[in-house]
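Here the sequence shown is numbered in my numbering, starting from 13 and rising by one per residue. Below: one structure, written as structure tokens.
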Amino acid sequence: MLKVFIHDVRAEDNIIVTCSVNEMQKESTMTTDIHTHLGSERMSIHNVTEHDLPEQVDILLNRMDTFGIRHAVLTPIEPSISTKLYAEASRINPERIHYACSINPRPLDDAQKLLKEYVNDHTVALVLDDKMYHPEDPSIDKLVDQAIEYELPIYFHSDQMSAATLALVDRLSTIYPTGKFIVLHMGGLFGFPQVLPLITRDNVFCEISVTLVRLVESPLRMFLEAMIQEIGVSKLIFGSEHHSEYPDIMAALNMINLNIESSRLIRQQNAWQLLKLDYC
């Protein structure tokens, strides 16, 4: 059988990842990517314009097809990456491309009105970026309360999970036991050990982009292995940050020696249950 190989060069750390496309498609069938961005390369995600959308969506779909990704959730970070831009992108292929909404909790009336508009436009999650709010601002609670009424998962985005953001996740996940709280990037390489006590709760989850690749090569890997041994993989959800990361993410998942069922949970079932997408 002919095998085509992808060589993905990571400029920032000069690593070349080689992957068999046949193997990737077999391993990743029906995978859902709950956190990704448009852009020809990862460093260009802030430069995409409305004029670029058809081309950029086509690039994303081609990469998704190559790596067996069925659904992707575009995840804006206001103000640098616009929710309205990603909402427009999702309309190009609404069966496979979905979008989360990034909203500043202040002013609260505007935030709540905007959230309702995005829900009516079929957004699938609310993004809270730590640069957009103060963790002790009561408006966050009210916006989160509204999102939970709409049955939206809450994404927490930060480069490295700060103590203040960690305390916010702790507080909200306690106050709202029916909420679904997802820490993007696993809280960062050094934040992940701090997130671990929270993900033992029924309503807190970790999305694996960026950090998993670093974690499996780090001494901190022991925290990941301990978590998997203690509570399994039901709290880990597949995300990429950018489609150029697919080879590395797939390779990192292979490095933690998951069985077929565990792999399916991370790539498919955990996301399906949280986002309630149509997977026909």
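For every residue, glycine included, the Cβ atom is placed at its ideal position computed from N, Cα and C. Computed from a predicted model, the values in this text were never measured in an experiment.
Discussion item. By alpha-carbon positions, which one of V156, C113 and A101 ends up nearest to Q68?
Written reply: A101
Practice prompt. Could you check the C-alpha separation between L265 and F202 for me, to the nearest Å?
Written response: 19 Å
Practice prompt. Would you mind sorting I211 into buried or exposed? The rule is 16 or more other CB atoms within 10 Å of its CB.
Written response: buried
Item to complete: Provide the residue(s) that pair with S114 in DSSP beta bridges, ordered along the chain.
Response: V139
Worksheet item: If we count the other Cβ atoms within 10 Å of its Cβ and call it buried at 16 or more, is H134 buried or exposed?
Response: exposed
Worksheet item: How would you call P88, buried or exposed, if buried means at least 16 neighbouring beta carbons within 10 angstroms?
Response: buried
Discussion item. So, with DSSP's three-state summary, where would you put F217?
Written reply: strand
Practice prompt. Within its chain, find whatever has a CB closer than 8 Å to the CB of S230; leave out the 5 residues flanking it on each side and keep chain order.
Written response: L201
Fill in: Nearest to L50 (by Cα), restricted to the options M42, T44 and D70
D70
Item to complete: Would you list the one or two residues that DSSP bridges to I81?
Response: T43
Worksheet entry | From P165, M42 and L97, residue whose alpha carbon lies closest to that of P189 | P165
Fill in: CA-to-CA distance, K288 to Q124, given in whole angstroms
22 Å
Item to complete: Confirm the yes/no value for this check: CB of V228, any heavy atom of the ligand SAM, distance under 7 Å.
Response: By its list of ligands, the structure shown contains no ligand whatsoever, and the ligand SAM lies outside what it can speak to.
Worksheet entry | Inside the stretch 140 to 217 only - beta strand (DSSP E) runs reaching at least 3 residues | 166 to 169 and 193 to 195
Worksheet item: Between the stretch 77 to 91 and the stretch 126 to 143, are three or more C-beta pairs nearer than 8 Å?
Response: yes
Worksheet entry | Start-to-end residues for the alpha helix (DSSP H) that takes in T223 | T223 to L227
Worksheet entry | Per-residue burial, Q280 [other beta carbons within 10 Å of its own, 16 or more giving buried] | buried
Worksheet item: Mind checking A137: buried by the 16 CB within 10 Å criterion, or exposed?
Response: buried
Discussion item. Buried or exposed for H197, going by 16 or more other Cβ atoms inside 10 Å?
Written reply: buried
Fill in: Option nearest V156 by Cα separation, candidates H169, P117, D182 and I57
P117
Item to complete: Return the chain-ordered list of same chain residues with a C-beta closer than 8 Å to the C-beta of M76, the five sequence neighbours on each side being excluded.
Response: D45, R82, A84, R108 and H255
Worksheet item: Grouping DSSP H, G and I as helix and E and B as strand, with all else coil, what is T95?
Response: helix
Discussion item. Measuring straight from C-alpha to C-alpha, what distance separates L286 and K192?
Written reply: 7 Å
Discussion item. According to DSSP, is I268 part of a helix, a strand, or is it coil?
Written reply: coil
Item to complete: Report the residue from L232, L127, Q206 and L72 whose alpha carbon sits nearest the alpha carbon of E161.
Response: L127
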